[in-house]
Amino acid sequence: MTILPLHPAEHAASPERLRAFLEQCRTAAARDGHSKLVSISLAVDALDPLAVLESIFEPGEPHFYSERPTMETAIAGAEVAVRHETRGAGRFAAVRAWVEETLEHTIAVGDVTAPFGGPHFFAAFAFHDEVEAGEPFPAAALFVPRWQVALAGQTTTAVANLLVTPEADLEALAQRVWRAHRRFQGFAFEEAGAAAAVPATGPGIRVCEAGRYREVVAQALARIGAGEFRKVVLARAQDLEADGPFHPLRVLNGLRQRFPDCYAFSFSLGGGPSFIGASPERLVRVSKGWLETEALAGSIRRGAGASEDAALAAALLRSTKDADEHRQVVDDILGRLAPLGVVPDAPAPPQVRRLANVQHLHTAIRARMPERLHVLDVLAAMHPTPAVGGSPRETAIPAIRELEGFPRGLYAGALGWLNSRGGGEFFVGIRSALVAGARARVYAGAGIVAGSDAEKEFAETELKFKAMLEAIA
Numbered sequence: 033m034t035i036l037p038l039h040p041a042e043h044a045a046s047p048e049r050l051r052a053f054l055e056q057c058r059t060a061a062a063r064d065g066h067s068k069l070v071s072i073s074l075a076v077d078a079l080d081p082l083a084v085l086e087s088i089f090e091p092g093e094p095h096f097y098s099e100r101p102t103m104e105t106a107i108a109g110a111e112v113a114v115r116h117e118t119r120g121a122g123r124f125a126a127v128r129a130w131v132e133e134t135l136e137h138t139i140a141v142g143d144v145t146a147p148f149g150g151p152h153f154f155a156a157f158a159f160h161d162e163v164e165a166g167e168p169f170p171a172a173a174l175f176v177p178r179w180q181v182a183l184a185g186q187t188t189t190a191v192a193n194l195l196v197t198p199e200a201d202l203e204a205l206a207q208r209v210w211r212a213h214r215r216f217q218g219f220a221f222e223e224a225g226a227a228a229a230v231p232a233t234g235p236g237i238r239v240c241e242a243g244r245y246r247e248v249v250a251q252a253l254a255r256i257g258a259g260e261f262r263k264v265v266l267a268r269a270q271d272l273e274a275d276g277p278f279h280p281l282r283v284l285n286g287l288r289q290r291f292p293d294c295y296a297f298s299f300s301l302g303g304g305p306s307f308i309g310a311s312p313e314r315l316v317r318v319s320k321g322w323l324e325t326e327a328l329a330g331s332i333r334r335g336a337g338a339s340e341d342a343a344l345a346a347a348l349l350r351s352t353k354d355a356d357e358h359r360q361v362v363d364d365i366l367g368r369l370a371p372l373g374v375v376p377d378a379p380a381p382p383q384v385r386r387l388a389n390v391q392h393l394h395t396a397i398r399a400r401m402p403e404r405l406h407v408l409d410v411l412a413a414m415h416p417t418p419a420v421g422g423s424p425r426e427t428a429i430p431a432i433r434e435l436e437g438f439p440r441g442l443y444a445g446a447l448g449w450l451n452s453r454g455g456g457e458f459f460v461g462i463r464s465a466l467v468a469g470a471r472a473r474v475y476a477g478a479g480i481v482a483g484s485d486a487e488k489e490f491a492e493t494e495l496k497f498k499a500m501l502e503a504i505a
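Using the numbering used here, read the sequence shown as starting at 33 and increasing by one per residue.
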């Protein structure tokens with residue numbers, strides 16, 4: 033990526049100055065015979081990225097949103113500067129190659145090193161390497177947005193990205209960026225348009241179960257007993273139909289308030305459904321030379337009061353079944369990182385992580401990131417973890433579609449972002465829903481191992497459904 037020593041506030045101060053800068057970019061595109069992704073980063077006054085996204089939301093345009101309120105980080109992007117889709121077993125490597133080629137032809141100005149500065153690639157990988165006909169999302173999709181706004185602590189960074197071709201209409205591009213620059217410098221949320229115009233969801237929501245979960249768990253236990261696999265994670269799906277249209281960003285706002293410790297997220301490729309949720313599980317984070325991941329497996333409900341809550345947490349820590357399930361996930365993660373040359377610190381004993389409606393066994397894993405190793409290389413090795421797939425992966429994963437009876441799509445897939453500096457963060461697409469108009473499909477899963485009880489696993493998924501249904505309603 034080429035970083036020019038220009039101050040965007042000066043070069044975006046008027047359409048004329050901006051046009052002169054874009055003229056240089058167009059000349060470079062003509063000289064190299066390749067379009068240029070131009071990225072302009074600018075520090076702005078404090079903004080709520082979700083409020084910004086709501087104000088510019090268009091159902092026909094792609095968007096991405098991710099936030100962890102307790103970490104004071106949020107990032108939003110809308111519309112498309114460049115995009116890419118791929119599929120197959122080599123999809124992570126193919127995405128890495130496309131990202132690197134795109135960055136070779138990127139020109140950036142502004143404080144690219146600021147938190148969330150520079151172009152960001154928003155990506156979603158389906159659970160499986162291939163998706164079935166008619167599914168709303170491909171096996172791998174990513175895009176660089178035209179407009180991006182992000183919050184890190186007290187710092188808000190706005191980024192405009194545009195594709196400059198050798199034949200680009202510079203006047204139109206300059207006017208577009210100049211208007212965005214002026215708007216981000218003095219955002220007026222009361223002028224929000226499309227998001228505010230969408231009718232609120234009506235009170236009537238009808239729920240239909242997709243599948244027979246207890247029977248499926250019994251089948252899985254029989255196959256575990258036969259030695260086919262040690263663990264398989266099986267999900268339920270519920271289809272909802274409402275009296276009025278769901279607005280994905282309004283549902284998202286409820287999720288981020290209800291689950292501040294989770295990744296509240298929304299992903300859409302435009303013109304179709306949005307995949308939204310509040311995921312408690314980080315898949316991988318790479319920042320400043322460090323790699324972070326975690327094991328999250330083994331669950332129990334929250335108590336009605338502090339005493340019951342503590343008693344349930346103690347029971348979870350004593351549970352042999354949950355301890356075995358959790359240990360399998362930790363061992364599997366360490367085994368997948370070892371061939372990459374990643375040597376984590378010795379994991380501490382699992383702790384209980386409390387969410388709004390459920391408690392989990394949790395182990396944090398941290399390691400130095402080897403040079404030349406890419407976040408997508410780690411993602412390819414990690415996805416899917418036994419926490420959402422099973423073990424051994426080679427036999428458990430193919431059994432999931434057969435047992436569940438419905439395609440997962442992005443459910444339990446990997447969603448997140450990567451930047452131009454080698455950093456990135458991806459989470460697992462669980463506690464999630466596929467929302468389109470007045471219809472939604474909600475997902476929840478549980479890990480099945482020897483000793484699992486179908487009724488208890490059903491009750492665990494009911495807890496997970498409850499939080500999503502309350503947020504949607």
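Cβ atoms here follow ideal geometry from the backbone N, Cα and C, with glycine treated the same way.
For the 8 Å CB-CB criterion, residue 308 and residue 464 form a contact.
Residue environment for residue 371: exposed (fewer than 16 other C-beta atoms within 10 angstroms of its C-beta). In the structure shown, residue 186 falls within a coil segment according to DSSP collapsed to helix, strand and coil. Annotated as distal: residue 193 and residue 211, with beta-carbon spacing of 8 Å or more.
Burial of residue 354 is indicated by the presence of at least 16 other C-beta atoms within 10 angstroms of its C-beta. The alpha-carbon separation between residue 398 and residue 322 amounts to approximately 7 Å. Straight across, the Cα-Cα distance linking residue 131 with residue 407 is about 12 Å. Around residue 396, the same chain offers 326 as residues with beta carbons nearer than 6 Å, after the five sequence neighbours per side are excluded. In this chain, residue 124 is not harboured by any beta strand (DSSP E); it is covered by the alpha helix (DSSP H) spanning 123-136.
Selection 254, 401, 304 evaluated against residue 320 yields 401 as nearest (Cα-Cα). Runs of the alpha helix (DSSP H) lying entirely within the region 72-129 and spanning at least 4 residues, in chain order: 81-88. Excluding five sequence positions before and after residue 137, the CB atoms of its chain that fall closer than 6 Å to its own CB belong to 66, 68, given in chain order. CA-CA distance, residue 97 to residue 109, rounds to 7 Å. CA-to-CA, the gap between residue 260 and residue 392 works out to about 27 Å.
In this chain, the beta strand (DSSP E) harbouring residue 451 covers 446-451. In the DSSP assignment, residue 386 falls within the beta strand (DSSP E) that extends over 383-386. Around residue 405, the same chain offers 372, 373, 374 as residues with beta carbons nearer than 8 Å, after the five sequence neighbours per side are excluded. Three or more Cβ pairs drawn from the region 143-150 and the region 182-196 lie within less than 8 Å of each other, which places the two stretches in contact. Rounded to whole angstroms, residue 301 and residue 93 show a C-alpha spacing of 7 Å. The beta carbon of residue 490 sits closer than 7 Å to those of 245, 246, all from its chain and outside the five residues before and after it, given in chain order. By the beta-carbon neighbour count (other beta carbons within 10 angstroms, threshold 16), residue 257 is exposed.
As for any beta strand (DSSP E) of minimum length 3 sitting wholly inside the region 142-167, the runs are 152-157, ordered along the chain.
Between residue 101 and residue 498, the alpha-carbon positions lie close to 21 Å from each other. Contact annotation: residue 458 and residue 446 have beta-carbon atoms nearer than 8 Å. With respect to the C-alpha of residue 441, the residue from 117, 171, 195 having the closest C-alpha is 171. Following the DSSP letters along the chain, one finds residue 363 inside the alpha helix (DSSP H) bounded by residues 352-369. Counting along the chain, the unbroken beta strand (DSSP E) around residue 474 starts and ends at 471-481.
Under the DSSP assignment, residue 295 falls in the beta strand (DSSP E) whose first and last residues are 295-300. With a cutoff of 8 Å on beta-carbon distance, residue 369 and residue 379 are scored as not near each other.
As computed with DSSP, residue 326 is found in a beta bridge with 396. In the three-state reduction of the DSSP assignment, residue 403 falls in the coil class.
Remark: fewer than three beta-carbon pairs, one from each stretch, lie closer than 8 Å, so the region 51-60 and the region 154-172 are not flagged as touching. The beta carbon of residue 240 sits closer than 6 Å to the beta carbons of 271 from its chain, once the five residues preceding and following it are set aside; these are given in chain order. Contact annotation: residue 99 and residue 296 have beta-carbon atoms nearer than 8 Å. Here residue 139 is near residue 34, since their CB atoms are less than 8 Å apart. In the three-state reduction of the DSSP assignment, residue 64 falls in the helix class, which pools H, G and I.
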